[in-house]
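In this note's numbering, the protein residues as written are 1406 to 2542.
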């Protein structure tokens, strides 16, 4: 029989895993035996396994025991009980060989051993187990004296259960033992407040609790965390012992349950929880709003209109003020105004102090603190939204600026997200962007004309490794000034910046939200007159409410499980039209739009959902089909679509209608861009294309030739009924990730300001209006000829051409001198200098006719808003000297078309007027008669003619304008491009060596001499000199010597390859019968160019790639052969087409 230990009459030494008549199968077992005993050992442990061993006694054969004894090299012993069926009294423990020292874990306790129990006996090293400490461990005691020994037990880190040890006392006076036992109870949680059965008015409820033997946290060393259930449904996880705030409590009985789970969310057996039932009192609503104006979801409210609110009872005037009635513009912020009462105090009239911005989204919030004359509150408050009308606009937005968000020498900061709002109270929208990798926000103040000074911005930090992105503007502390909040994806927080109304922010104050904050909305959830914050947390798979306590201070987060998969974005709107703001949530994994209905008491109750057919990145709300109900649109990232979901005003959502957009859209916005009274749509896309089976590639093929992997903003036009079409695409360099539609320049229409998050650029696009036109004018580095292409409100050259250098606009006066100017005049041409090559958009009203006064000689002019052939210029007096209209592209070039925005030189016989118009017929200006077989030389793209005698009047057609202030210029002395003989060539700005091409009449020889070096080149026939030393002055002289070649020769054709004309040169040292014939590679004759007797000399002939019948020949290799007397030579040439 088993006995207590230590005992000398018990087996010794012994390890008792379960001493109680075990009956395994062996040679000494009885008839009731069953089960086996196994053992296994290695360097780390030895295991003895009693596998399904029966009890010895008759009638107990159904009792089975499955357990192990594990022995470790350290001396530790562990008992693992897997299955215990039919418990009996037993001894568990160890004792030494003499039976005077041992450790008893259990004796005759039928309930001690059970399945899934482990007991470990630890040596604890030289000082015993970790949970016991003894001090001192040794010492001397005088006879008759006593010594106090401190024994301290510590249960920190121990799992629940019973722990035993023995303190061995050894001395020269004898040995003894002191048994020690420690019981560690199960963890527990007890709700302290509220009490079970307690009743409350609707609203948030704080729950405080007490924990025992449980340290919550989100680290591996924690005991686990706390799970909140509200009315039987999972609500949120909590990782600290702080009190919890509960929302979404309903009228009547509510059950609040707090449960402890391990670090993996698993049950801690037995199930450990506490719960209370509380009562939410019913609400009596005696005071209501019956109508508002402008009406909810109106798109065309006037910019300076009044706001009216009608109540069903008279209003207590003392409760109506700027803190209980808040008028908030998306970009304007809190609108100040005058509040008055009418209609026997049944109507509140709000008269705005300033005009709203065109196209602005307005939210009116009325708090529950507005009371009737009888003292009845507006129980749930009231809120609605509408849009200010946009002026006439165009969907064809024009890029007018682009600039970097980086500091000098700064690397990639990943600018992502943006907000436009009037931070300094000047009526213009300033621009704020979060930057994920630099962990800050940066603010550009509007200069009051719609521009942002590139390098003039402020930087406000958030904690390191926060990765700020999603953001919102609001007035959090009710001071009437715009504040800003940003959500941080890595630190799981939000950071609030309080604005001072002067364009600066106070340092951020940050609050815990949940894992990976990806979306953020602001609204007064509990109708107390303060703006609360709601975040969607992608990795937390939930949303978080952060109630505003007032003064912009936020209380502990309230996470809520809303039933989606990776909640990624949110937007608010009154979906069921009860005057309480609701929340739409877009999910990334479950691909849904969730609708959560506001309860007016701070809660958001999941109500309905719709499958989205794509992962929602960002969403936004507004009435897109004109039925006055709020709808929602989504940027579906992985399917490259915009999804449009219609609401019915009762909280129901339609299936989505999908529209293809540029690849991987992140952001989506609504606004009346064209000013026709409906909301158009714009998405911002990274440009990462996905494979699709539909024909979306064809949809965009007609719009652009840019690579589909380029980031872009896709703009869709609304037909007024929620159908979107006529897409436009605006491209970024890399990844267009965000955009803001706003009236940046306060001209009454919506512009677009966008973000490229890969290159960290801000793009500024202007709405040019329905009547304006945009013309992009390219310019070279240094000097350019320019003109005014459109009617613009400000003709200052730096407004029209903002890239131009200061003080470099010059006109050409009738006195033949340059004069510095500041303003451009239509029809006049100008010299203007730029620091670098680029392009400037000019926006204005087109004009189709201009009358230009001319003086005798050279004039600078410009055209109209469309390109006009020079032959269509109206010249009734015949003033224009034929062949003297020149443009400039680095050197002067004769032009055949007057292009808008460019300047041109023109030479006139005298004073008078010409007209450039798009209504005049062709043939108004004569064309120059070409010279017959002239000598030519081409230097730096300028063709000069020489060896020609023409009349003085004809010579005027070969005159060149005054030398340009920069660029290249080649001319004969005196400003001509024709010379008879003894010609002087002037070359400007050709600093490098250059090549020339020439054509010399047969039998003539000319000498090209560098005046500075004296080096001479012989020009004869048709050819090219690939290298001539640079110089500013050359002479061109005709040789009076008749040159006779020394030998017969056939030269290589020039050019070669050619299309369609080439020159063939050959040398005749004596008179001969000459035949020059073209053959194909099969030896068939194609045509014969020469078949006659010719005198000695240098000869040249051209072939126009036609056969003897005058038909063009095909591309390929051809042979040309000369026969001159006895001389025969053949060469190859290549025709390209």
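Positions of the beta carbon are idealized from the N, C-alpha and C atoms, including for glycine.
>> Between the alpha carbons of residue 1723 and residue 2015, how many angstroms are there, rounded?
In response: 45 Å
- Nearest-angstrom beta carbon gap, residue 2539 and residue 2462 [assumed within contact, 8 Å]: 4 Å
Just the C-alpha distance for residue 2035 and residue 2054, rounded to the nearest angstrom, thanks.
-> 7 Å
**Asked** Whose CA, out of 2309, 2282, 2274 and 2305, lies closest to the CA of residue 2326?
**Response** 2274
Practice prompt. Might you give, ordered along the chain, the residues of its own chain that have their beta carbon closer than 6 Å to the beta carbon of residue 1666, omitting 5 neighbours on each side?
Written response: 1629 and 1632
Fill in: Rounded separation between residue 2474 and residue 2480 - CA only
15 Å
- Task: Evaluate the contact criterion for the region 1490 to 1497 versus the region 1542 to 1557: three or more CB pairs, one atom per stretch, below 8 Å.
- Result: no
Is residue 2142 closer than 8 Å to residue 2160 when the C-beta atoms are compared? yes
Out of 1837, 1459 and 2181, which has the shortest C-alpha to C-alpha gap to residue 1471? The shortest C-alpha separation from residue 1471 is found at 1459.
Q) Could you give the distance in angstroms between the alpha-carbon of residue 1602 and the alpha-carbon of residue 1910? A) 47 Å
- From residue 1612 to residue 1527, what does the alpha carbon distance come to, in whole angstroms? 41 Å
**Message:** Counting beta carbon pairs with one atom in the region 1869 to 1876 and one in the region 1835 to 1845, are three or more of them shorter than 8 Å?
**Reply:** yes
Evaluate the contact criterion for the region 1817 to 1829 versus the region 1791 to 1803: three or more CB pairs, one atom per stretch, below 8 Å. By the Cβ rule, the region 1817 to 1829 does not count as touching the region 1791 to 1803, because fewer than three pairs are nearer than 8 Å.
So within the region 1781 to 1860, which uninterrupted alpha helix (DSSP H) runs reach at least 4 residues, ignoring any that extend past its ends? none
- Distance between residue 1715 and residue 2029 (C-alpha atoms, nearest Å): 27 Å
| message | Contact defined as beta carbons within less than 8 Å: I believe residue 2546 pairs with residue 1608. What is the distance between those atoms, to the nearest angstrom? | response | Lying before the first or after the last residue shown, residue 2546 is absent from the chain, which here runs from 1406 to 2542.
Report yes if the C-beta distance between residue 2195 and residue 2180 is below 8 Å; otherwise report no. yes
Next item on the list: Write down every uninterrupted run of the beta strand (DSSP E) in the region 2387 to 2423 whose length is 3 residues or greater and which is fully enclosed by it, in chain order.
Entry: 2388 to 2393, 2399 to 2404 and 2411 to 2415
Confirm, please, whether the CB-CB distance from residue 2003 to residue 1985 is below 8 Å. With contacts defined by Cβ atoms closer than 8 Å, residue 1985 and residue 2003 form a contacting pair.
* Asked: Would residue 1378 pass as a contact of residue 1941 if the rule is Cβ separation under 8 Å?
  -> Residue 1378 lies beyond the range of the chain shown here (1406 to 2542); nothing can be said about it.
Query - Cβ contact (3+ pairs, closer than 8 Å) linking the region 1767 to 1775 and the region 1913 to 1925 - result: no
- Query: Do you know offhand how far residue 2535's Cα is from residue 2459's?
  - Reply: Rounded to whole angstroms, the separation of the alpha carbons of residue 2459 and residue 2535 is 15 Å.
Q. Looking at the structure shown, is residue 1473 part of a helix, part of a strand, or coil, going by DSSP?
A. Annotated three-state conformation of residue 1473 is strand, per DSSP.
Run through DSSP, which three-state label would residue 2203 get? Helix, per DSSP.
Query raised in the report: Near residue 2111, what residues of its chain come up, given a Cβ to Cβ distance below 6 Å and the 5 sequence neighbours on each side ignored?
Result: Residue confidence is low: residue 2111 scores 46 on pLDDT, short of 50, so the model does not pin down where it sits. Its coordinate-derived value is still stated next. Here the set comprises 2136.
- Message: On the DSSP bridge list, what partners appear for residue 2040?
- Response: 2047
Cβ-Cβ separation, residue 2039 to residue 2078 (assumed contact under 8 Å), whole Å
At roughly 19 Å, the Cβ-Cβ gap does not stay under 8 Å, so residue 2078 and residue 2039 are not in contact.
Exercise for the section: List in chain order: all unbroken beta strand (DSSP E) runs of 3+ residues lying wholly within the region 2103 to 2167. Expected result: 2117 to 2123, 2129 to 2136, 2141 to 2147 and 2156 to 2161
Simplified DSSP assignment, three categories, for residue 2307:
strand
### Message
Please classify residue 1928 as buried or exposed, where buried requires at least 16 neighbouring CB atoms within 10 angstroms.
### Response
buried
Practice problem: Leaving aside the five residues before and after residue 2156 along the sequence, list all residues of the same chain whose C-beta is less than 8 Å from its C-beta, in chain order. | Solution: 1802, 1855, 2146, 2147, 2148, 2149, 2150, 2169, 2170, 2171 and 2172
With H, G and I counted as helix, E and B as strand and the rest as coil, what does DSSP make of residue 1528? coil
(request) Starting from the Cα of residue 2442, find the closest Cα among 2413, 2417 and 2470 and give me that residue. (result) 2413
**Item:** Residue burial classification, residue 1877 (beta-carbon count within 10 angstroms, cutoff 16)
**Value:** By the neighbour-count rule (16 or more Cβ atoms within 10 Å), residue 1877 is buried.
| On the premise that residue 1996 lies in contact with residue 1972, defined as a C-beta separation below 8 Å, what is that separation, rounded to the nearest angstrom? | In this structure residue 1972 does not touch residue 1996 by the C-beta definition: roughly 12 Å separates them, more than the 8 Å allowed.
Closer than 7 Å to a non-hydrogen atom of the ligand MN - does that hold for the CB of residue 1746? The ligand MN is not among the ligands present in this structure, which contains no ligands whatsoever.
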